[in-house]
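Engineer: So the protein lines, in turn, are chains A and B.
Per this note's numbering, the very first residue in the first sequence carries number 95; after that it's consecutive.
Per this note's numbering, the very first residue in the second sequence carries number 79; after that it's consecutive.
Dumping the structure here so I can ask a few things about it.
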Amino acid sequence: AQSVAQPEDQVNVAEGNPLTVKCTYSVSGNPYLFWYVQYPNRGLQFLLKYITGDNLVKGSYGFEAEFNKSQTSFHLKKPSALVSDSALYFCAVRSSGSARQLTFGSGTQLTVLP
Amino acid sequence: GAVVSQHPSWVICKSGTSVKIECRSLDFQATTMFWYRQFPKQSLMLMATSNEGSKATYEQGVEKDKFLINHASLTLSTLTVTSAHPEDSSFYICSARDLTSGSSYDTQYFGPGTRLTVL
């Protein structure tokens, strides 16, 4: 079985400060990892993904994520947060070796304070 | 980039009526689409996997006779909530996986969601 954990329901950060949203995963085989962002009453927007290659993945809107195989983590980061980054963030995983559906974490509400 | 649309974006209906939600992949073909349900401040719950030209695969606990899925073409899947009741009120989101080559390969793209309210 595959699973994703987002240990923080809520993350608050001041505008201009770096932000981190944590994600750990469990999957058999090589993981495909994704981050999505959801604004109120909207669907999910794709931010970035890790399939293979460099452990540091750069995505949309200045976000990046680092794949750490030994710690089974895929934390989302941004060097300087904006108020407009405030949203609900979801980490998702699936195994590369199957056609299984994505498994989502419970989501982390990010609030960037002006 | 790959775009998925949903229609309608919101719908209000009376209890006992049926509601159809459309999901379209606008610039890519999707042999597989997915339907999710999301309750307020919660994660997405996969309801079913929609396969073009064949029957949908439902997740455990999802009533296939209540949530009818049709994947008539490579760009369109529909979810029909039959005999809707207030407890079916929710945010329904579809997604499709782009399996064409390029940077979008194997990424799942989501529609904007449909807010269903059953009175």
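We put the beta carbon where it would ideally sit given N, CA and C, even for glycine.
Within 10 angstroms of the Cβ of A:L150, are there 16 or more other Cβ atoms? Answer buried if so, exposed if not.
Structural biologist: Your numbering for residue 150 of chain A matches position 56 in the first sequence. Exposed is the call here.
Engineer: Taking the alpha-carbon of B:R115 as reference, which of B:G94, B:S87, B:L157 and B:L124 has the nearest alpha-carbon?
Structural biologist: Locating residue 115 of chain B in the second sequence gives position 37, counting from the first residue. Ranking B:G94, B:S87, B:L157 and B:L124 by Cα distance to B:R115 puts B:L124 first.
Engineer: Thinking C-alpha only, which one of A:G199, A:S180, A:N124 and A:Y126 is nearest A:F157?
Structural biologist: Locating residue 157 of chain A in the first sequence gives position 63, counting from the first residue. Of the candidates A:G199, A:S180, A:N124 and A:Y126, the one whose C-alpha sits nearest the C-alpha of A:F157 is A:S180.
Engineer: Please name the residue, chosen from A:S122, A:Y133, A:E109 and A:A99, that lies closest to B:G191 on a Cα-to-Cα basis.
Structural biologist: As a position in the second sequence, residue 191 of chain B is number 113, starting the count at 1. Among A:S122, A:Y133, A:E109 and A:A99, the Cα nearest to that of B:G191 is on A:Y133.
Engineer: Assign B:P118 to one of three DSSP states: helix, strand, or coil.
Structural biologist: The residue given as residue 118 of chain B occupies position 40 in the second sequence. Here B:P118 sits in coil by DSSP.
Engineer: With three or more C-beta pairs closer than 8 angstroms as the rule, is the stretch 141-161 of chain B touching the stretch 101-121 of chain B?
Structural biologist: As far as the Cβ criterion goes, the stretch 101-121 of chain B touches the stretch 141-161 of chain B, which means the pair count is three or higher.
Engineer: Taking the alpha carbon of B:G94 as the point to measure from, which residue in B:H163, B:T158 and B:T178 has its own alpha carbon closest?
Structural biologist: For the purposes of this step, residue 94 of chain B is identified with residue 16 of the second sequence, where counting begins at 1. Checked all of B:H163, B:T158 and B:T178; the closest Cα to B:G94 is B:H163.
Engineer: Can you give the beta carbon distance from A:Q96 to A:R188, rounded, assuming they're within the 8 angstroms contact cut?
Structural biologist: Locating residue 96 of chain A in the first sequence gives position 2, counting from the first residue. Locating residue 188 of chain A in the first sequence gives position 94, counting from the first residue. Right, their Cβ atoms sit about 6 angstroms apart.
Engineer: Taking 9 angstroms as the threshold (beta carbon to beta carbon), is A:F168 in contact with chain B?
Structural biologist: Here residue 168 of chain A is taken as the residue at index 74 of the first sequence, counted from 1. No, A:F168 does not count as interfacial toward chain B.
Engineer: Quick one, which residues of the stretch 193-208 of chain A are near chain B if we go by CB-CB under 9 angstroms, in chain order?
Structural biologist: The residues in question are A193, Q195, L196, T197, F198, G199, S200, G201 and Q203.
Engineer: Closest to B:S83 by C-alpha separation, out of B:I90, B:A174, B:S167 and B:T135, would be which residue?
Structural biologist: Locating residue 83 of chain B in the second sequence gives position 5, counting from the first residue. The candidate whose alpha carbon is nearest that of B:S83 is B:A174.
Engineer: Given that A:N135 touches chain B, what residues does it touch there, using C-beta distances under 9 angstroms?
Structural biologist: Residue numbering aside, residue 135 of chain A sits at position 41 when the first sequence is read from its first letter. By Cβ distance, chain B contributes S87, W88, F169, P190, G191 and R193.
Engineer: Sort out for me which residues DSSP pairs A:N111 with in a bridge.
Structural biologist: Numbered from its first residue, the first sequence carries residue 111 of chain A at position 17. Answer is none; A:N111 lacks a bridge partner.
Engineer: Exposed or buried, which one is B:Q186 when buried takes at least 16 other CB atoms within 10 Å?
Structural biologist: For the purposes of this step, residue 186 of chain B is taken as the residue at position 108 of the second sequence. Burial call: buried.
Engineer: Which residues of the stretch 103-120 of chain B have a Cβ closer than 7 angstroms to any Cβ of chain A? Give them in chain order.
Structural biologist: Those would be F112, in chain order.
Engineer: Using the rule of at least 16 other Cβ atoms within 10 Å of the residue's Cβ for burial, across every protein chain shown, is B:D176 buried or exposed?
Structural biologist: For the purposes of this step, residue 176 of chain B is taken as the residue at position 98 of the second sequence. The residue is buried, with at least 16 neighbouring Cβ atoms inside 10 Å.
Engineer: Exposed or buried, which one is A:A108 when buried takes at least 16 other CB atoms within 10 Å?
Structural biologist: Working through the first sequence from its first residue, we reach residue 108 of chain A at position 14. It is exposed - the Cβ of A:A108 has fewer than 16 other Cβ atoms within 10 Å.
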